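Notes to accompany the following structure.
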Amino acid sequence: MSHFPEVLIIGDSISIGYTPFVEKAFLGRANVSRNEGNASSTIYTLEHIDAWLGDTHWDVIHFNWGLHDLKFVDEDLTMVSVSEGRQLLSLDDYEKNLRVLVARLQKTGAKLIWAMTTPIPEGVSGRIPGDEIAYNAVARKVMEETGVAISDLYAVMAEDRGNKGGKVADVHYTDEGSELLSRQVIQYIEDALK
Numbered sequence: 246m247s248h249f250p251e252v253l254i255i256g257d258s259i260s261i262g263y264t265p266f267v268e269k270a271f272l273g274r275a276n277v278s279r280n281e282g283n284a285s286s287t288i289y290t291l292e293h294i295d296a297w298l299g300d301t302h303w304d305v306i307h308f309n310w311g312l313h314d315l316k317f318v319d320e321d322l323t324m325v326s327v328s329e330g331r332q333l334l335s336l337d338d339y340e341k342n343l344r345v346l347v348a349r350l351q352k353t354g355a356k357l358i359w360a361m362t363t364p365i366p367e368g369v370s371g372r373i374p375g376d377e378i379a380y381n382a383v384a385r386k387v388m389e390e391t392g393v394a395i396s397d398l399y400a401v402m403a404e405d406r407g408n409k410g411g412k413v414a415d416v417h418y419t420d421e422g423s424e425l426l427s428r429q430v431i432q433y434i435e436d437a438l439k
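The numbering used here puts the sequence shown at residues 246 to 439.
Here is the structure:
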């Protein structure tokens, strides 16, 4: 029985979109798995990371949190308009949570790949376009200091997002956009498996 490398993708709905393309690309070469449901924020992931990692020996882990950490929420942590709520996590708390999660992922011995948070378009509710740039800067600092590879999915979609499958006034992507994002994810995973 042949053993294929084990790849884990952890992320939010953006990764839900590109994971099927990644799975297809590695069919017969690697076992690609993804966390159950939506990894949402670093807060949610801190509660679930051990279950998602399980007892599998992961060779590569590709991960992201950000769009949910920077969203605006009410007292019940339900996403609301910017004027009606507060940001779920400050940049300082986001950094602290990232450091805890990276340390946990490093314990697996897997090669780690951080995916930068994708752009927030104008007209979106519950998030401020441009906030992802500040959160990405914090994430870049953490990943560089901890030696984690960085896949800049933000840069893939930063220019001409609408013509690359980015939905209007929505952080999500069409299948075309998800496939485009998957190309970079696939390349980084392939490089990590060499």
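Ideal placement from N, C-alpha and C gives every residue a C-beta, glycine not left out.
Quick caveat: nothing in here was measured; it's all calculated off a predicted structure.
Asked: Using the rule of at least 16 other Cβ atoms within 10 Å of the residue's Cβ for burial, across every protein chain shown, is G422 buried or exposed?; Found: buried
Asked: So does the stretch 344-355 actually touch the stretch 366-380, counting three or more Cβ pairs closer than 8 Å?; Found: no
Asked: Spatial neighbours of T419 within its chain, please: C-beta separation below 7 Å, excluding the five flanking residues on both sides.; Found: G410 and K412
Asked: For M246, which three-state DSSP category applies?; Found: Note that M246 has pLDDT 45, beneath the 50 cutoff, so the model's placement of it is unreliable and the number below is only indicative. In the structure shown, M246 sits in coil (DSSP, three-state: anything other than H, G, I, E or B).
Asked: Does the contact criterion of 3 or more C-beta pairs under 8 Å hold for the stretch 267-282 versus the stretch 316-325?; Found: no
Asked: Within its chain, find whatever has a CB closer than 7 Å to the CB of V387; leave out the 5 residues flanking it on each side and keep chain order.; Found: E340, L343, R344 and V347
Asked: What are the start and end residues of the beta strand (DSSP E) that includes Q356?; Found: The question names Gln, yet the displayed sequence has Lys at residue 356. Residues K356 to A360.
Asked: Decide if the stretch 369-383 is in contact with the stretch 324-337; the criterion is three or more beta carbon pairs, one per stretch, under 8 Å apart.; Found: yes
Asked: Using 9 Å as the threshold, is the C-beta distance between F308 and I373 below it?; Found: no
Asked: What is the DSSP secondary structure of F271, reduced to helix, strand or coil?; Found: coil
Asked: Taking the Cβ atom as the reference point for each residue, do I259 and L398 lie within a distance shorter than 9 Å?; Found: yes
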